[in-house]
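Working notes, beginning with the structure itself.
2 protein chains.
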Amino acid sequence: MARFTLNILGCGSAKPTPQHLPACQVLDFRDKLYMIDCGEGAQHTFAQMHLRPSRLNHVFISHLHGDHFLGLLGLLSSMTLMGKEGEVVVHTFADGARIIGDMMNYIDRHRSYELRFNIIKVGHEVIYEDNALRVSTLPLKHSVPAVGFLFEEKGKERHLRGDMADFHGIPAWQRAAVKGGADFVKPDGTVIPNNFLTTAPDPPVRYAYCSDTMPSERVIPLIEGVDWLYHEATYDSTRADKARQYCHSTAAQAAEVARRAQAKHLIIGHYSARYDTPELLLREAQAIFPATIAAAERQRLDLLR
Amino acid sequence: MARFTLNILGCGSAKPTPQHLPACQVLDFRDKLYMIDCGEGAQHTFAQMHLRPSRLNHVFISHLHGDHFLGLLGLLSSMTLMGKEGEVVVHTFADGARIIGDMMNYIDRHRSYELRFNIIKVGHEVIYEDNALRVSTLPLKHSVPAVGFLFEEKGKERHLRGDMADFHGIPAWQRAAVKGGADFVKPDGTVIPNNFLTTAPDPPVRYAYCSDTMPSERVIPLIEGVDWLYHEATYDSTRADKARQYCHSTAAQAAEVARRAQAKHLIIGHYSARYDTPELLLREAQAIFPATIAAAERQRLDLLR
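Sequence lines, in order, name chains A and B.
Going by my numbering, the residue at position 239 of the first sequence is 239; the numbering climbs one at a time, nothing skipped.
Going by my numbering, the residue at position 31 of the second sequence is 31; the numbering climbs one at a time, nothing skipped.
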């Protein structure tokens, strides 16, 4: 079974601290890496975690605050030094394409790969799709335009029942079609319906990334039933005013979103610099949504269902 | 006596390694901090070394390769979060003022301090001066326009001879003038020449930063007799071709510059990512110029004469 592995490269917020790095995650799925946000220093942690630039072709930027994208400039420059080939697509707002593009055209003129921007907007739209994965935007509520990202596994094969395949004598070259849902036609013309031959595929894994944002009513139905939700939890409950003022969430609010969306697991992060450890935030979230874990740098999570 | 303290925040080159951070130094002199280059992640190390943004008002950027300035974007943004007041002057080429200025105007619109650019050119010119310090550019030879920086202590007071001051009865309020070089006129009109009353001041400390560059003939007379020279030493001697190709220096070439300029001390850095330790480079430099030390991250050097 293909696995979604989520690498946490940074889970701090804007103010630098000795404990945390700014936002960056890398989703590892079927030999491809998908980067979500890219705070300063991300390329360093990327190398430390033995992630390979050759496998990275898509970067998703949630919004244009420095702590969510400044690391991209160094990462993209270094990829030329490392001889990266092919294409890198940065999914970002039009302003991001302009400011990142201008800078990259200046500092990395002789790029070894093609850099392309896919312009996204605040909303809920499919922005990337291949045989195995679909990525859509989630409209967030922050002090500047911001989106979350929903990663959905797709096109999983049905399970072929070995006993039935043997009994009906399905040749090897026809088994892929049957796994894809086709009926089997025997040499004598008898049709064996697919549901006699296969069982339902594993349900696809879904992962939603929501940072930076206030708790948003609009997002809840869009992420209903996700297996894993990363939701920012910048403050504890005594600082709900601050959260509102800066368009962030408290840990309790993050947990409330997870509960109402019927998520299976919640990961909190984007901790304010005032917290030396995320313990208090984790406790507040778990009181509402027990299946909560606290993100940490260099954490590697298998996003099983 | 006021001291020059040099903080090394990064001494690696462009390719990221687990050992090194990209170029950044902070000169600490008379309660002010002067930053020289600002590679990605510099703000992190700046905080780790307990350097305070409130004391930082000048940043000198040698050239516009990403590993020498990308950290400035995060550092300048964070200064607003930390409520920095007053002014920050970035000394850089016109292109730097444009690309850094555009980015900062986008990501840090509500700056808490004034950000100013002082446009510099490749050459040898005084670009900053106050009562205690003079900074001039040094013309370097690199693949893009690049300058080094010469920091010179200035305006040191002469030493007042206590015995003579007492003998001639110099009142306290006139002593500063005598230390500044004035003769002393006694109440009866007798003039005591300054050289009877004072001895020469300590010679000013001079520090030169030369990175990135090939060894340059033009620089040698400009840094003659410097107390401390930081010179890049990207490669060892077996890679002299590579050094020439990429407009860098070998450790031996750096040492040769120090020897010919009659520097008192040499610091090498900007090590290529291929070296796990700077030992080989240090050995090659010391063979030519024994008073060489190898820069390291978080090193703090008192630049005594």
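A virtual CB, placed ideally from N, CA and C, is assigned to each residue, including glycine.
Bear in mind the structure is a predicted one, so any value in this text is a computation, not a measurement.
{"Item": "Selection of the segment 28 to 52 of chain A by Cβ proximity to chain B, strictly under 7 Å", "Value": "E40, G41, Q43, H44, A47 and Q48"}
{"Item": "Near-chain D residues of the segment 11 to 28 of chain B - C-beta to any C-beta below 9 Å", "Value": "Structure shown: chain D not included; protein chains present are A and B."}
{"Item": "Residues near B/N131 in its chain [Cβ-Cβ closer than 8 Å; skip 5 each side]", "Value": "K154 and G155"}
{"Item": "Test: B/M103 CB closer than 8 Å to a CB of chain A", "Value": "yes"}
{"Item": "Closer than 8 Å to chain A by CB, B/L115", "Value": "no"}
{"Item": "The beta strand (DSSP E) enclosing B/A273, as first and last residue numbers", "Value": "Where B/A273 is concerned, there is no enclosing beta strand (DSSP E), given that its DSSP letter is neither H nor E."}
{"Item": "Per-residue burial, B/W228 [other beta carbons within 10 Å of its own, 16 or more giving buried]", "Value": "buried"}
{"Item": "For B/F149: DSSP bridge partner residues", "Value": "B/T137 and B/Y209"}
{"Item": "Contact belief for A/T45 with A/G10 at Cβ below 8 Å, rounded distance in angstroms", "Value": "7 Å"}
{"Item": "Local conformation of A/M1 per DSSP, three classes", "Value": "With a pLDDT of 46 at A/M1, under the threshold of 50, the modelled position of that residue is not reliable, and the figure given next carries that caveat. It is coil, neither helix nor strand."}
{"Item": "Contact residues within the segment 52 to 72 of chain A, judged by C-beta distance below 9 Å to chain B", "Value": "L64, H65, G66, D67, F69, L70 and G71"}
{"Item": "Euclidean distance between Cα positions of B/M1 and B/D28", "Value": "In this predicted model, B/M1 has a pLDDT of only 46, less than 50, meaning its place in the structure is not dependable; the value taken from the coordinates is given anyway. Their Cα atoms are separated by approximately 14 Å."}
{"Item": "Where A/H329 falls: helix, strand or coil (DSSP)", "Value": "Chain A is shown only over 1 to 305; residue 329 of chain A falls outside these bounds and no answer can be derived."}
{"Item": "Reduced DSSP category for B/F29 - H, G, I as helix; E, B as strand; rest coil", "Value": "strand"}
{"Item": "8 Å Cβ cutoff, A/G83 in contact with chain B", "Value": "no"}
{"Item": "Continuous beta strand (DSSP E) stretch holding A/Y230: start and end", "Value": "W228 to E232"}
{"Item": "Delimiting residues of the alpha helix (DSSP H) encompassing A/D302", "Value": "That residue, A/D302, is in no alpha helix (DSSP H); its beta strand (DSSP E) goes Q299 to D302."}
{"Item": "A/L304 classed as buried or exposed, judged by whether at least 16 other C-beta atoms fall within 10 angstroms", "Value": "exposed"}
{"Item": "Extent of the continuous beta strand (DSSP E) run through A/T292", "Value": "T292 to A294"}
{"Item": "Whole-angstrom C-beta distance between A/Q253 and A/P215, which should lie under 8 Å", "Value": "4 Å"}
{"Item": "Straight-line gap, B/T250 to B/R283 (C-alpha atoms, nearest Å)", "Value": "12 Å"}
{"Item": "Chain A within 8 Å of B/S77, Cβ atoms only", "Value": "yes"}
{"Item": "Beta-carbon spacing of B/M79, B/V88 below 8 Å", "Value": "yes"}
{"Item": "Proximal residues to B/Q185 (C-beta, below 7 Å), its chain only, five neighbours per side dropped", "Value": "Looking at the sequence shown, residue 185 of chain B is not Gln but Val. Once the five neighbours on either side are set aside, the close Cβ partners of B/V185 are V191."}
{"Item": "Endpoints, the beta strand (DSSP E) within which A/V90 is located", "Value": "E87 to T92"}
{"Item": "8 Å Cβ cutoff met for B/H124 and B/L64", "Value": "no"}
{"Item": "Cutoff 8 Å: A/D276 Cβ touching any chain B Cβ", "Value": "no"}
{"Item": "Nearest to A/F307 (by Cα), restricted to the options A/F167, A/R55, A/D212 and A/P278", "Value": "The structure shown does not extend to residue 307 of chain A, since chain A spans only 1 to 305, so no value can be given for it."}
{"Item": "Proximity to B/S54 [Cα-Cα], best of B/T292, B/M164, B/E85 and B/D95", "Value": "B/E85"}
{"Item": "Contact set between A/G74 and chain B, taken where Cβ atoms lie within less than 7 Å", "Value": "E40, G66 and L70"}
{"Item": "Beta-carbon neighbours of B/I107, restricted to chain A and to distances below 9 Å", "Value": "L64, H65, G66, F69, L70 and I99"}
{"Item": "Pick from A/Y246, A/A273, A/E232 and A/C247 that is closest to A/A294, judged by C-alpha positions", "Value": "A/E232"}
{"Item": "N-terminal and C-terminal residue of the beta strand (DSSP E) that A/I127 is part of", "Value": "V126 to E129"}
{"Item": "Element boundaries [alpha helix (DSSP H), containing B/I120]", "Value": "Per DSSP, B/I120 belongs to no alpha helix (DSSP H) and is neither H nor E."}
{"Item": "Simplified DSSP assignment, three categories, for B/H159", "Value": "strand"}
{"Item": "Spatial distance of A/P201 from A/V178 (CA atoms)", "Value": "12 Å"}
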